[in-house]
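*Asks:* Taken in sequence, the protein lines are chains W and G. Residue numbers are given in the numbering used here: position 326 of the first sequence equals residue 326, and the series is strictly consecutive. Residue numbers are given in the numbering used here: position 59 of the second sequence equals residue 1059, and the series is strictly consecutive. Here a beta-carbon is modelled for each residue, glycine too, at the ideal position from N, C-alpha and C. Below you will find the structure I want to go over with you.
Number of protein chains: 2
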Amino acid sequence: MKDINIGLLGAGTVGSGVIKILKDNAEIIKKRLGFNLVLKKIYSRSIRNEIKNDISSITASSYEELLGDDIDIVVELVGGCDFAKDFMFEAIEKKKSIVTANKALLAKYGFEIFSKAFENKVDIGYEAAVAGGIPIIKAIKESLSANNIKSIKAIVNGTCNYILTEMLEKQVPFEEALKDAQDKGFAEADPSFDIGGVDAAHKMAILSSIAFGDNVKDDSVYREGIKGVTLLDIKFADELGYKIKLLGITNLLDDKIDVRVHPTMVKKEDILAKTDGEYNAIKVLSDMADDTVYIGKGAGSLPTASAVVSDIMDIARNIRHNSHLRIPLMSFPFNYVKKRKMVNINDLSMDYYLRFSVADSAGVLSKISGVLGERNISIKSVIQLNKGKDWVPLIVMTHKAKERDIQDSLNIIHKMDIIKDKTLLVRVDDE
Amino acid sequence: MKDINIGLLGAGTVGSGVIKILKDNAEIIKKRLGFNLVLKKIYSRSIRNEIKNDISSITASSYEELLGDDIDIVVELVGGCDFAKDFMFEAIEKKKSIVTANKALLAKYGFEIFSKAFENKVDIGYEAAVAGGIPIIKAIKESLSANNIKSIKAIVNGTCNYILTEMLEKQVPFEEALKDAQDKGFAEADPSFDIGGVDAAHKMAILSSIAFGDNVKDDSVYREGIKGVTLLDIKFADELGYKIKLLGITNLLDDKIDVRVHPTMVKKEDILAKTDGEYNAIKVLSDMADDTVYIGKGAGSLPTASAVVSDIMDIARNIRHNSHLRIPLMSFPFNYVKKRKMVNINDLSMDYYLRFSVADSAGVLSKISGVLGERNISIKSVIQLNKGKDWVPLIVMTHKAKERDIQDSLNIIHKMDIIKDKTLLVRVDDE
């Protein structure tokens, strides 16, 4: 059968992984497909020295060369939302199917891009956009297609998971674990996208959209990062039977979507609590298959590139069988994609872990519990450390309470002179 | 678009789950597909009273009715190898695509059935044959298609996993945990297929075949069941930092296949050790995606039926897009399916846990360690219990040793009069 020609935009971390897989695994790819995938053109603003020679014969001098008649599938790995977006629209107009790992772009403009692709009868593969080498997009779009998906709970940021794991295992503070993650390549020089929860929010927007048949945009995902979590909190969580994880959570509640990313206390027995280091884990609860969990490396050159190439192969098969759009791009056909209301986090109820920094003086607990009690927030347990300092941590675990009442209480408590620092609030997963 | 008509053979546990999903989730299935899946005919030797009325209008009086022109896809859920095999061959000749959960049949006659299907240009869906609701077949055939798969380690029998978990958590003996599993519906009245490792061997044969592009038959899978594992062993494993799991293991070693099912000591930190109760877990190590793990309910009416219906939807899409055989039936086209040699377990080397039942007398350890020492088997640790009985357990953990040397040693040791009972050997996963 005729070869399929690939045009690659971007030869960074993931792009160079794609180049490697297409070269090193060309034989097994051809065996499985019955034809070759040929990397025909690469356009990248900068190309690493170690691959420069290898690809010099196929280096393009402009991105337009990737959109010529000799290219069947375009792979977009430049990231970002400006050039990448324009490029994808142009590629779609030229009837190119696209494979991308661009979560930020899809979380913002996914619906528009997919609609345009549908009009032009081309496919968009985006397995690599969520959780790298873990085939969660295909699982949701195809393997769970007979199910109503009810919720997803997920560790989708390996940087945060690595940092939180290191803090517990090595008993080191946040900054030290972050530095270690940067040294090992698990965190960027500027880690704010990861530790602020932005990256996880992008992924949860995409997962929510295809799980429920919705158009969830990144900015409607409630998000909190892990920066406020200290070693002390991780130790307390451990003693209380929990691990603190940055969880992405999305629930369909009475046809509204509750989607959020925040540090969460997860019971140690939960498989998500057991997923450590740079690993990602995604737990999908659906009405028939019950819960299924997908674990693997959520980032890294080769795992992510593995997802890119499997998408290329999928689309190549569609080209050869003339079966484009065999699976709806957003898991549901567009006429069924809704735009549901979002649940306001203030309307949710759960258990809370609150770490106050208080003055080491009598009556503090009574003042704090008084404010909580006025809002019917019932306290499950209290741990008060007396370290002989002026300011000491006071841990309060609550029973189920409304987020709004908790936030109102904290606002009042924060105005009291017994409080030193911002209180850390960690929501408890009460599954 | 035109409806797709289904003929169902077998309305037992999984079959009634399929009936329920096609009815209860008809709306979401139609949304995703753009057309209906219509359950047109059911043939089953016995039909449960609770669904008899529901399906009376579509009950067929002979299996031949499932093979008429009005049926597009046939679902085989009777199990067994005799009638099911004849039925599938007949269905394929009549150009019906088939969905099946029949692992025993595929582990024995998979290659023949898939070849016949290929000749007749029909699809065979068998996601439900391995690990129920976990989409491991699709993951291997599609999501990891850019990878060379190196090995799979898996818990693929929920009955055994439930029993082993109960023994540890409730500190009960094997028989009590088995009875509990039977009461809860996690074990059959005759559990020998599960606890003997036969069921797991079927699944490992199928997984090995599609992972490596081979034709691995069930009888070439080395197998040991969990019957010899006592609470004592589970306690010792726990103390030593391990859990005992019935693992299915398949490795590609120098173009030979090492595939086996046996109780295995797995380090507690391993995600497989953390998968408890009736859950299954499959860890795939591949060259590019690294390790990915898939966890979920490996059995049960609805999880398994969820896999059946997702296969039906996949094939229905192939029918509507005229894209039959879009993915090779065995993951590789037949001309690449090899018949490799099997690794003899005697040629493998690993660490061993040996529990001897010995006379409570002086010199016992020296006799045993003498025999082991003659074969250069080096001992890592020894635990000797002195319970004041005539016969006491003696635990020996070895360093890496050759299986053949271990077996030879045991043969000699078993002839000594210091030995009471058969020695339990548990292989240690040294990953």
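Between G:L1285 and G:K1150, which are expected to be in contact by the criterion C-beta below 8 Å, what is the C-beta distance as a whole number of angstroms?
*Replies:* The pair is a contact, with the Cβ atoms about 5 Å apart (cut-off 8 Å).
*Asks:* To which residues of the same chain is W:I51 closer than 8 Å at the C-beta, ignoring the five residues directly before and after it?
*Replies:* Correct list, in chain order: A11, S16 and I19.
*Asks:* Out of W:I73, W:A237 and W:L385, point me to the one whose CA is closest to W:L164's CA.
*Replies:* Comparing Cα positions, the closest option is W:A237.
*Asks:* Quick one: is W:V293 near chain G, going by C-beta distance under 8 Å?
*Replies:* Output row for W:V293: interface = yes.
*Asks:* Suppose only complete runs of 4+ residues qualify. What are the alpha helix (DSSP H) ranges in the segment 1067 to 1146 of chain G, listed by chain order?
*Replies:* Those alpha helix (DSSP H) runs which fall completely within the segment 1067 to 1146 of chain G and span 4+ residues are 1083 to 1093 and 1103 to 1119.
*Asks:* Between G:A1104 and G:G1079, is the Cβ-Cβ spacing less than 8 Å?
*Replies:* Contact flag set, yes.
*Asks:* Check the Cβ of G:F1332 against every Cβ in chain W and list those closer than 8 Å, keeping chain order.
*Replies:* Near G:F1332 (Cβ distances below 8 Å), the residues of chain W are K31 and R32.
*Asks:* For G:G1007, which residues does DSSP report across the bridge?
*Replies:* Answer is G:K1041 and G:V1074.
*Asks:* Would you give the residue range spanned by the beta strand (DSSP E) that W:T250 belongs to?
*Replies:* Where W:T250 is concerned, the enclosing beta strand (DSSP E) stretches over Y242 to L253.
*Asks:* Can you name the residues that DSSP bridges to W:F356?
*Replies:* Partner(s): W:L394.
*Asks:* Quick check: is the beta carbon of W:G7 nearer than 8 Å to any beta carbon in chain G?
*Replies:* No, no contact with chain G.
*Asks:* From W:P263 to W:A26, what does the alpha carbon distance come to, in whole angstroms?
*Replies:* Looking at the two C-alpha atoms, the distance is approximately 42 Å.
*Asks:* To the nearest angstrom, how far is it from the Cα of G:K1420 to the Cα of G:A1362?
*Replies:* Computed Cα separation, rounded: 15 Å.
*Asks:* For G:M1288 and W:P173, what's the separation of their Cα atoms in angstroms?
*Replies:* G:M1288 and W:P173: Cα-Cα distance of roughly 33 Å.
*Asks:* Could you say if the segment 1308 to 1325 of chain G and the segment 1140 to 1149 of chain G meet the contact criterion of at least three C-beta pairs nearer than 8 Å?
*Replies:* The segment 1308 to 1325 of chain G, when compared against the segment 1140 to 1149 of chain G, does not touch it at the 8 Å Cβ threshold.
*Asks:* Quick check: what's the CA-CA separation for W:A305 versus G:Y1294?
*Replies:* Straight-line Cα distance between these residues: approximately 19 Å.
*Asks:* Would W:E224 pass as a contact of W:V259 if the rule is Cβ separation under 8 Å?
*Replies:* Not closer than 8 Å, so no.
*Asks:* What are the residues of the segment 1141 to 1158 of chain G that lie near chain W, defined by any Cβ-Cβ distance shorter than 9 Å?
*Replies:* Hits within the stretch, in order: K1141, E1142, S1143, L1144, S1145, A1146, N1147 and N1148.
*Asks:* Quick one: what's got a C-beta closer than 8 Å to G:P1135's C-beta in the same chain, skipping five residues either side?
*Replies:* Answer for G:P1135: E1127, Y1294, A1307 and S1310, listed in chain order.
*Asks:* What are the start and end residues of the beta strand (DSSP E) that includes W:Y162?
*Replies:* No beta strand (DSSP E) contains W:Y162, which is instead part of the alpha helix (DSSP H) from G158 to K170.
*Asks:* Tell me the rounded alpha-carbon separation between G:A1060 and G:N1102.
*Replies:* Cα to Cα, the separation comes out at about 21 Å.
*Asks:* Is there a Cβ from chain G that is less than 8 Å from the Cβ of W:V122?
*Replies:* Closer than 8 Å: no.
*Asks:* If you draw a straight line from the C-alpha of G:D1291 to the C-alpha of W:G296, how long is it?
*Replies:* Distance between the alpha carbons of G:D1291 and W:G296 is about 6 Å.
*Asks:* Any beta-carbon of chain G closer than 8 Å to the one on W:D72?
*Replies:* By this cut-off, W:D72 is not an interface position.
*Asks:* Are there 16 or more other CB atoms within 10 angstroms of the CB of W:D254, so buried, or fewer, so exposed?
*Replies:* So W:D254 ends up on the exposed side.
*Asks:* Do W:D123 and W:S97 have their CB atoms nearer than 8 Å?
*Replies:* For W:D123 and W:S97, yes; Cβs fall inside 8 Å.
*Asks:* Any idea what DSSP makes of W:R375, helix, strand or coil?
*Replies:* Of the three classes helix, strand and coil, the one that applies to W:R375 here is coil, per DSSP.
*Asks:* Based on DSSP bridge pairs, tell me the residues matched to G:W1214.
*Replies:* Per the sequence shown, residue 1214 of chain G should be read as Asp rather than Trp. Paired residue(s): G:K1338.
*Asks:* Considering only the beta carbon of each residue, do W:T100 and W:A129 sit closer than 8 Å?
*Replies:* Yes, the Cβ-Cβ distance between W:T100 and W:A129 is below 8 Å.
*Asks:* Which same chain residues, not among the five before or five after G:K1038, have their C-beta less than 6 Å away from its C-beta?
*Replies:* A small correction: the amino acid at residue 1038 of chain G is Val; Lys does not occupy that position in the sequence shown. Correct list, in chain order: D1003 and N1005.
*Asks:* On the three-state DSSP scale, how would you describe W:A187?
*Replies:* W:A187: coil per DSSP, three-state reduction.
*Asks:* Determine whether the Cβ of W:V216 lies closer than 8 Å to any Cβ atom of chain G.
*Replies:* No, its Cβ sits nowhere closer than 8 Å to a Cβ of chain G.
*Asks:* Just to confirm my understanding: we take W:S409, look at its own chain, exclude 5 residues before and 5 after, and list those with CB closer than 6 Å. What are they?
*Replies:* Excluding sequence neighbours, W:S409 sits near V371, L372 and R375.
*Asks:* Determine the extent of the beta strand (DSSP E) in which G:L1425 is found, giving its start and end residues.
*Replies:* Note, G:L1425: beta strand (DSSP E), L1424 to V1428.
*Asks:* Taking the continuous alpha helix (DSSP H) assigned at W:K23, which residues delimit it?
*Replies:* T13 to D24 is the extent of the alpha helix (DSSP H) around W:K23.
*Asks:* Relative to the alpha-carbon of G:A1117, which residue among G:I1327, G:S1378 and G:L1302 has its alpha-carbon at the smallest distance?
*Replies:* Comparing Cα-Cα distances from G:A1117 to each of G:I1327, G:S1378 and G:L1302, the minimum goes to G:I1327.
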